[in-house]
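Residue numbers (my numbering): 711 to 953. C-beta: ideal position from N, C-alpha, C; glycine also. Worksheet for the structure shown next.
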């Protein structure tokens, strides 16, 4: 069972799910650990999935305090982790958790430390675990296009996947037309401007991307309502959450 399959459980476990508008997603290189963490509202709807061998776990995180230094934010709190899916017995581990968020090169990195203190049938009481996670910003394909294949996240507020929500204008002239339909001939409903506007993917349909005549478009929210922008690295780029 892959992590992408596990993430489909998110909708059924909505008690733990952070708002997609403000939740950051972090993963490690093999995607065996994925964290959904609300850094804007800093509430307690934060969770993670991890797998070890053929076992899959979900952890709920409660943040107790936050401290900031130049270029770094530290979140301290507690976690409760449970074995999910098919299981021969209940396994639950409880302990302390630290998350340190900082910028490293062109990526945002989250260093997570867990100290296991108690639990039910917990095999790791007294142990400390560390994992380094990165924010998986979408990367355009060889033609510069952002698509559902390269820009939809594993962890979402609905079952399945959700388009990366935060983008900005990078057009050479600093302007980007947002059209009534996903094609270059449709009427312009709004013009986004670099430095003034941010783009928010409209994700109520899960993926915000549509293809038309070989070009990809992203459904977004503007002051004039829903409209479409060209989903290409010449015009837009994803930005960190929060930024």
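Note the first and the last residue of the continuous beta strand (DSSP E) segment covering residue 808.
Position 98 of the chain shown, counted from the start, is the residue given in the question as residue 808. Counting along the chain, the beta strand (DSSP E) containing residue 808 begins and ends at 802 to 814.
Can you find a heavy atom of the ligand NAP that lies under 6 Å from the Cβ of residue 876?
No copy of the ligand NAP occurs in the structure displayed, which carries no ligand at all.
Am I right that residue 817 and residue 845 are in contact with their C-beta atoms under 8 Å? What's the rounded C-beta distance?
Reading the chain shown from its first residue, position 107 is the one you call residue 817. Reading the chain shown from its first residue, position 135 is the one you call residue 845. Their Cβ separation, rounded to whole angstroms, is 6 Å, which keeps residue 817 and residue 845 in contact under 8 Å.
Could you check the C-alpha separation between residue 853 and residue 926 for me, to the nearest Å?
Taking the first residue of the chain shown as 1, we reach residue 853 at position 143. Taking the first residue of the chain shown as 1, we reach residue 926 at position 216. Rounded to the nearest angstrom, the two C-alpha atoms are 11 Å apart.
When we look at the beta-carbon of residue 895 and count the other beta-carbons within 10 Å, is it buried (16 or more) or exposed?
The count along the chain shown starts at 1 and reaches residue 895 at position 185. Answer is exposed; the Cβ neighbour count stays below 16.
With burial defined as no fewer than 16 other Cβ atoms inside 10 Å of the residue's Cβ, what is the status of residue 736: buried or exposed?
Within the chain shown, the letter at position 26 stands for residue 736. That one is buried.
Specify the secondary structure class of residue 719 as computed by DSSP and reduced to three states.
Within the chain shown, numbered from 1, the residue matching residue 719 stands at position 9. Because the pLDDT of residue 719 is 37, which lies under 50, any placement of that residue in the model is unreliable, and the number read from its coordinates should be weighed accordingly. Here residue 719 sits in helix by DSSP.
Alpha helix (DSSP H) segment containing residue 782, residue limits:
For this step, residue 782 is matched to residue 72 along the chain shown. Run containing residue 782: none in the alpha helix (DSSP H); it sits in the beta strand (DSSP E), 782 to 794.
Taking three-plus beta-carbon pairs below 8 Å as touching, is the segment 871 to 881 in contact with the segment 762 to 773?
no
When you compare the segment 896 to 912 with the segment 931 to 944, are there three or more beta-carbon pairs, one atom per stretch, that lie closer than 8 Å?
yes
For residue 664, name the three-state secondary structure that DSSP assigns.
The question about residue 664 has no answer here: the residues shown for the chain are numbered 711 through 953.
Residue from 848, 880, 857, 914 whose Cα sits closest to the Cα of residue 945:
What you label residue 945 is simply residue 235 of the chain shown in a count that begins at 1. Residue 945 has its Cα closest to that of 880, out of 848, 880, 857, 914.
Nearest to residue 808 (by Cα), restricted to the options 802, 820, 829
Translated into positions along the chain shown, residue 808 becomes position 98. Cα-wise, what sits closest to residue 808 is 820.
Just list the residues that DSSP pairs residue 937 with in beta bridges.
Position 227 of the chain shown, counted from the first residue, corresponds to residue 937. 930.
8 Å CB neighbourhood of residue 774 in its chain, flanking five on each side removed
As a first step, residue 774 is located in the chain shown; it is residue number 64 there, counting from the start. If we look at residue 774 and ignore the five residues flanking it on each side, its Cβ neighbours are 786, 787, 788.
Extent of the continuous beta strand (DSSP E) run through residue 775:
Here residue 775 refers to the residue found at position 65 of the chain shown. Looking at the DSSP string, the run of the beta strand (DSSP E) that includes residue 775 is 765 to 779.
Tell me which residues share the same chain as residue 832 and place their Cβ nearer than 7 Å to its Cβ, disregarding the 5 neighbours each side in the sequence.
Stepping through the chain shown from its first residue, residue 832 is reached at position 122. 801, 802, 803, 826.
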